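6 protein chains.
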Amino acid sequence: MKAKCPEDSKTIMTDLVLPSETNPLNNLFGGELLARMDRAASIAARRHSRRIVVTASVNHVAFNRSVPLGSVVTVEAKVSRAFRSSMEIYLDVWIDDRESGERSRANEAIYTFVAVDDSGRPVRIPELIPETEEEKIRFDGALRRKQLSLVLAGKMKPADATELKALFDEK
Amino acid sequence: MKAKCPEDSKTIMTDLVLPSETNPLNNLFGGELLARMDRAASIAARRHSRRIVVTASVNHVAFNRSVPLGSVVTVEAKVSRAFRSSMEIYLDVWIDDRESGERSRANEAIYTFVAVDDSGRPVRIPELIPETEEEKIRFDGALRRKQLSLVLAGKMKPADATELKALFDEK
Amino acid sequence: MKAKCPEDSKTIMTDLVLPSETNPLNNLFGGELLARMDRAASIAARRHSRRIVVTASVNHVAFNRSVPLGSVVTVEAKVSRAFRSSMEIYLDVWIDDRESGERSRANEAIYTFVAVDDSGRPVRIPELIPETEEEKIRFDGALRRKQLSLVLAGKMKPADATELKALFDEK
Amino acid sequence: MKAKCPEDSKTIMTDLVLPSETNPLNNLFGGELLARMDRAASIAARRHSRRIVVTASVNHVAFNRSVPLGSVVTVEAKVSRAFRSSMEIYLDVWIDDRESGERSRANEAIYTFVAVDDSGRPVRIPELIPETEEEKIRFDGALRRKQLSLVLAGKMKPADATELKALFDEK
Amino acid sequence: MKAKCPEDSKTIMTDLVLPSETNPLNNLFGGELLARMDRAASIAARRHSRRIVVTASVNHVAFNRSVPLGSVVTVEAKVSRAFRSSMEIYLDVWIDDRESGERSRANEAIYTFVAVDDSGRPVRIPELIPETEEEKIRFDGALRRKQLSLVLAGKMKPADATELKALFDEK
Amino acid sequence: MKAKCPEDSKTIMTDLVLPSETNPLNNLFGGELLARMDRAASIAARRHSRRIVVTASVNHVAFNRSVPLGSVVTVEAKVSRAFRSSMEIYLDVWIDDRESGERSRANEAIYTFVAVDDSGRPVRIPELIPETEEEKIRFDGALRRKQLSLVLAGKMKPADATELKALFDEK
Numbered sequence: 080m081k082a083k084c085p086e087d088s089k090t091i092m093t094d095l096v097l098p099s100e101t102n103p104l105n106n107l108f109g110g111e112l113l114a115r116m117d118r119a120a121s122i123a124a125r126r127h128s129r130r131i132v133v134t135a136s137v138n139h140v141a142f143n144r145s146v147p148l149g150s151v152v153t154v155e156a157k158v159s160r161a162f163r164s165s166m167e168i169y170l171d172v173w174i175d176d177r178e179s180g181e182r183s184r185a186n187e188a189i190y191t192f193v194a195v196d197d198s199g200r201p202v203r204i205p206e207l208i209p210e211t212e213e214e215k216i217r218f219d220g221a222l223r224r225k226q227l228s229l230v231l232a233g234k235m236k237p238a239d240a241t242e243l244k245a246l247f248d249e250k
Numbered sequence: 080m081k082a083k084c085p086e087d088s089k090t091i092m093t094d095l096v097l098p099s100e101t102n103p104l105n106n107l108f109g110g111e112l113l114a115r116m117d118r119a120a121s122i123a124a125r126r127h128s129r130r131i132v133v134t135a136s137v138n139h140v141a142f143n144r145s146v147p148l149g150s151v152v153t154v155e156a157k158v159s160r161a162f163r164s165s166m167e168i169y170l171d172v173w174i175d176d177r178e179s180g181e182r183s184r185a186n187e188a189i190y191t192f193v194a195v196d197d198s199g200r201p202v203r204i205p206e207l208i209p210e211t212e213e214e215k216i217r218f219d220g221a222l223r224r225k226q227l228s229l230v231l232a233g234k235m236k237p238a239d240a241t242e243l244k245a246l247f248d249e250k
Numbered sequence: 080m081k082a083k084c085p086e087d088s089k090t091i092m093t094d095l096v097l098p099s100e101t102n103p104l105n106n107l108f109g110g111e112l113l114a115r116m117d118r119a120a121s122i123a124a125r126r127h128s129r130r131i132v133v134t135a136s137v138n139h140v141a142f143n144r145s146v147p148l149g150s151v152v153t154v155e156a157k158v159s160r161a162f163r164s165s166m167e168i169y170l171d172v173w174i175d176d177r178e179s180g181e182r183s184r185a186n187e188a189i190y191t192f193v194a195v196d197d198s199g200r201p202v203r204i205p206e207l208i209p210e211t212e213e214e215k216i217r218f219d220g221a222l223r224r225k226q227l228s229l230v231l232a233g234k235m236k237p238a239d240a241t242e243l244k245a246l247f248d249e250k
Numbered sequence: 080m081k082a083k084c085p086e087d088s089k090t091i092m093t094d095l096v097l098p099s100e101t102n103p104l105n106n107l108f109g110g111e112l113l114a115r116m117d118r119a120a121s122i123a124a125r126r127h128s129r130r131i132v133v134t135a136s137v138n139h140v141a142f143n144r145s146v147p148l149g150s151v152v153t154v155e156a157k158v159s160r161a162f163r164s165s166m167e168i169y170l171d172v173w174i175d176d177r178e179s180g181e182r183s184r185a186n187e188a189i190y191t192f193v194a195v196d197d198s199g200r201p202v203r204i205p206e207l208i209p210e211t212e213e214e215k216i217r218f219d220g221a222l223r224r225k226q227l228s229l230v231l232a233g234k235m236k237p238a239d240a241t242e243l244k245a246l247f248d249e250k
Numbered sequence: 080m081k082a083k084c085p086e087d088s089k090t091i092m093t094d095l096v097l098p099s100e101t102n103p104l105n106n107l108f109g110g111e112l113l114a115r116m117d118r119a120a121s122i123a124a125r126r127h128s129r130r131i132v133v134t135a136s137v138n139h140v141a142f143n144r145s146v147p148l149g150s151v152v153t154v155e156a157k158v159s160r161a162f163r164s165s166m167e168i169y170l171d172v173w174i175d176d177r178e179s180g181e182r183s184r185a186n187e188a189i190y191t192f193v194a195v196d197d198s199g200r201p202v203r204i205p206e207l208i209p210e211t212e213e214e215k216i217r218f219d220g221a222l223r224r225k226q227l228s229l230v231l232a233g234k235m236k237p238a239d240a241t242e243l244k245a246l247f248d249e250k
Numbered sequence: 080m081k082a083k084c085p086e087d088s089k090t091i092m093t094d095l096v097l098p099s100e101t102n103p104l105n106n107l108f109g110g111e112l113l114a115r116m117d118r119a120a121s122i123a124a125r126r127h128s129r130r131i132v133v134t135a136s137v138n139h140v141a142f143n144r145s146v147p148l149g150s151v152v153t154v155e156a157k158v159s160r161a162f163r164s165s166m167e168i169y170l171d172v173w174i175d176d177r178e179s180g181e182r183s184r185a186n187e188a189i190y191t192f193v194a195v196d197d198s199g200r201p202v203r204i205p206e207l208i209p210e211t212e213e214e215k216i217r218f219d220g221a222l223r224r225k226q227l228s229l230v231l232a233g234k235m236k237p238a239d240a241t242e243l244k245a246l247f248d249e250k
């Protein structure tokens, strides 16, 4: 299997915020954005692996900015690191400003997908080779996030999470 | 404001998995479950605060079990800890077994909501007093999760996250 | 087949009223509430019978109170009587008051479901044994309602509907 | 206000049965058909009254035939009797046979709507004058159904439901 | 195969404009109307051919009038000409005026469908015999439109489009 | 108003084909694709004009390839020519091949949008300056298509459609 770069899986999903997706303050429901990001991330994971993919986990997601009804929202997804059969997908969410037309960042999120065969068993996927500076930073962070995920799920002892532990020892 | 207990905000959302919500393996999309949990959590947050509430963040969510088309899924949400204007909501997801009728746990998730007034400004909310053993464990864990969230968002130094740091020093 | 009690099939479906479900007065469409109640009733029927179930009929439903956009609506369904292969499901609909947080009754409805096998043929289902006072009253009323349903469908002569006839002779 | 005939409010809604509307047997959910009939009936009520209309009640509905995925379903709604501000709407549901192209009757249903002003208060509506034989039969039956509805809602004593009582005395 | 007339395929789809289908001016999205017309046209094509049908093309569609939220919209579809395995479907869209109750024309559109077998291969369909004056005019125009479609798709040389060419030579 | 180039309005909408959007052959409904293209085109039109935009017309659209359930579909929209207040939007539709991962062209379409103010009146929009070879070809074709649209709508005499007429005289 030939290695790929993040650009190969890049997925852009630009769409409107429709009335059926908004809360009483006329902003996009957090849950709707989570669902859109899941669809975009699943396409990126499929582009990297050319396999059926299923959501394995969602990393911590913070909703820093509200997204008003009628907004143009762009979700951009790229594979940030490939493990044996799982992939970390990094998502950036942008909103177009109505006046200036400038896009500003609304959110970031990280999803993990697993590539499976027709009966749902994990399969090997190609390696990922980061290219840009940002891709390299995200690639490096992915291992730390994987350990955090295993610790939180009770599948790894905090003491064994060397990458993560360093974070707290550092200062 | 009178303090409340988790039972006061308990929200049960039982529903079917419909064909429009499934992936190529005929299982519920992760993103759809995230959206349902967001709606259930928002109702629990509203029941605790009697205010407009908006999603602030989603904690790490792992999808351990696939949920097949036609399943009966129950999402149960309860406020697990109340801060000044934000609330942590703990969600348990159950599936009915078709044969035995037994419910088995499919997922857990933790969302944070903020109570706001009509113009979107945070408002004070009642205190939460945990009652059962499980509620107390979740209440205690909430502070550690809040620190983790602040650290991940770059709003708190790892060294100041005392509750969290202890986790790694322990062993 | 072991007899069951109404509590075994109890199904709670709490959800928001979304903008796509409202009429020009910004209230929930009657038809949307009918569809939600059908889903909740089908789950209760499945929990009692552990079979595929299909809607057989809907009893008279009155919409006494309008349900505004953004409301929290709770549909609660329980099997009220089991016949050979059909079940009567009793539904109670509640709305949370935004100020006081009190739930108040918005509607009642009665659906009938039939349990079927994979080819759609009716199958035997467990007996139902009512427990609470309310469950016993609903259990007793179910026979009268079944007769009314058969009379209205032209499948029973009014004179043979003994339970129903009594209603009019009584006073 | 000029009287109208049933033809003036006749509403035809032909549409496909889509995958998102079907149950595990691949047939249209009862609840979806109830929602479609509600929309068709509301249009017929609006055409008669030229007012905002809200669902007041749904009469007994029997689902005699299943409606498979991909079917062409026609819902036809006509006002069958107008009272002071409420209207009874009679609905006929037809399915196209795939082979012969013949339409066959799948269901009948009766809904009641109330015409209201902008603040939700009932308003006077035009009289209805039935024309065909079938329209006259439905017009006559509407009074009996209204009494049944009032009796079931506990708003009329069975003894006062003269039209209804006759049904049981007849034989 | 017996020839049919346009009336045999006539399909009427009356429905409301719901909040989830409207743009920031509170009017029906053009794209939603295109989707409704596609469904109505597919039913008309199926009624003519009694076969599975797929959209082949959409002729030029102009949106002359906006359709506000809450409107009653009627889409009427009839086969206007049948070729070997393709059919032209003519659609008329009407809106009910809220005050007068009069229906006024909002749009016209022309879709082409192809009848296929279970594996997607085109099959022969019955001939169409127009009856009314309008049906004859639409029948005659269909050939010209077919040529235009072939020319635009680069499958016919403008010089061979005799019917179409005449249009420009005429005056 | 500063002139813009097509790249400034470029909009990419990549998404999955979900079960609720497919016909009996398990392919995307033509009408659903028309609706997606309308949303993508409206965003491109908004990015060019920074105004509210409404669909004015859809040019001839041919559906040459079916798009199966589960496909990854990319709709790409760019303004191809700006007139006084209307814009032509050119859309390219691509599908990912499941095996090779190659994207292949599935469709092309052309929509026209008009920029309006809050009360729906047309407003001036910036000029468009094409840059690439393809953009120049599309820019040139836009005038011919506008004439065709006016002729078909009966708003221009064929004899006055000089650009269009040339097409038929050419050979």
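Residue numbers (this note's numbering), protein chains in the order written: chain W, 80 to 250; chain Z, 80 to 250; chain Y, 80 to 250; chain P, 80 to 250; chain U, 80 to 250; chain B, 80 to 250. Note that CB positions come from ideal geometry on N, CA and C, so glycine has one too. These numbers come from a predicted model, not from an experiment.
Item, Value
"So which residues of chain P does P98 of chain Z contact, with C-beta pairs closer than 8 Å?", "P98, S99, T101"
"Whole angstroms is fine: what's the gap from D117 of chain Z's alpha carbon to T101 of chain Y's?", "21 Å"
"Can A245 of chain B be considered in contact with the ligand FMN, in the sense that its beta carbon sits closer than 6 Å to one or more heavy atoms?", "This structure does not include the ligand FMN; it has no bound ligands of any sort."
"Inspect the CB distances between the region 150 to 169 of chain P and the region 88 to 101 of chain P and report whether three or more fall short of 8 Å.", "yes"
"With 7 Å as the threshold, decide whether the Cβ of L180 of chain U is near any Cβ in chain Y.", "Strictly speaking, residue 180 of chain U in this sequence is Gly, with Leu absent from that position. So, not an interface residue."
"What span of residues does the beta strand (DSSP E) with E187 of chain Y cover, start to end?", "182 to 195"
"Compare the C-beta of G149 of chain Z against all C-beta atoms of chain A and say whether one is closer than 7 Å.", "Absent here is chain A; the protein component of the structure consists of chains W, Z, Y, P, U and B."
"Just how far apart, CA to CA, sit R217 of chain B and S159 of chain B?", "6 Å"
"Can you tell me whether T101 of chain B is helix, strand or coil according to DSSP?", "strand"
"Tell me the DSSP secondary structure of V172 of chain B in three-state form.", "strand"
"Less than 6 Å between C-beta atoms, sequence neighbours within five positions excluded: which residues of the same chain meet that for T191 of chain Y?", "A135, S136, S165, E167"
"Tell me which residue opens and which closes the alpha helix (DSSP H) that I208 of chain W is part of.", "Careful: I208 of chain W lies outside any alpha helix (DSSP H) and carries neither H nor E."
"Under the DSSP definition of a beta bridge, which residues are partnered with N106 of chain B?", "B:P147"
"For a cutoff of 7 Å on Cβ pairs, would you count N106 of chain W as touching chain U?", "no"
"Within a Cβ cutoff of 8 Å, which residues of the same chain sit near I208 of chain B, ignoring the five residues on either side of it in sequence?", "A82, K83, C84"
"Is S165 of chain Z helix, strand or coil when you go by DSSP?", "strand"
"Exposed or buried, which one is E111 of chain Y when buried takes at least 16 other CB atoms within 10 Å?", "buried"
"By how many angstroms is the C-alpha of P201 of chain P removed from the C-alpha of D175 of chain Y?", "26 Å"
"Could you check what DSSP says for A240 of chain W in three-state terms: helix, strand or coil?", "coil"
"Candidates P:S198, P:G220, P:D239, P:R144: which alpha carbon is nearest L107 of chain P's?", "P:R144"
"Comparing the C-beta of F162 of chain Y with each C-beta of chain P, is any distance below 7 Å?", "no"
"With a cut-off of 7 Å, does the C-beta of I91 of chain Z fall near any C-beta of chain W?", "no"
"Taking 7 Å as the CB-CB cut-off, is K250 of chain B touching chain Z?", "Confidence at K250 of chain B is low in this model, with a pLDDT of 43, below 50, so the placement of that residue is unreliable and no value is reported for it."
"According to DSSP, is K250 of chain Y part of a helix, a strand, or is it coil?", "Confidence is the limiting factor: at K250 of chain Y the pLDDT is only 43, short of 50, which leaves the residue's position unreliable, though a coordinate-based value still follows. Three-state result, K250 of chain Y: coil."
"Using the beta-carbon count (16 or more within 10 Å), is R126 of chain B buried or exposed?", "buried"
"In three-state DSSP terms, what is M80 of chain W?", "coil"
"Verify the CB distance criterion: does I122 of chain Y have a CB-CB separation below 7 Å to chain Z?", "yes"
"Quick one, which of Z:E178, Z:G180, Z:S198, Z:N138 has its alpha-carbon nearest Y169 of chain Z's?", "Z:N138"
"Please identify, using Cβ separations under 8 Å, the residues of the region 162 to 176 of chain U that lie next to chain P, in order along the chain.", "D175"
"Counting only C-beta atoms, is R129 of chain P closer than 7 Å to chain U at any point?", "yes"
"Taking only beta-carbon atoms, is D94 of chain W less than 7 Å away from chain B?", "yes"
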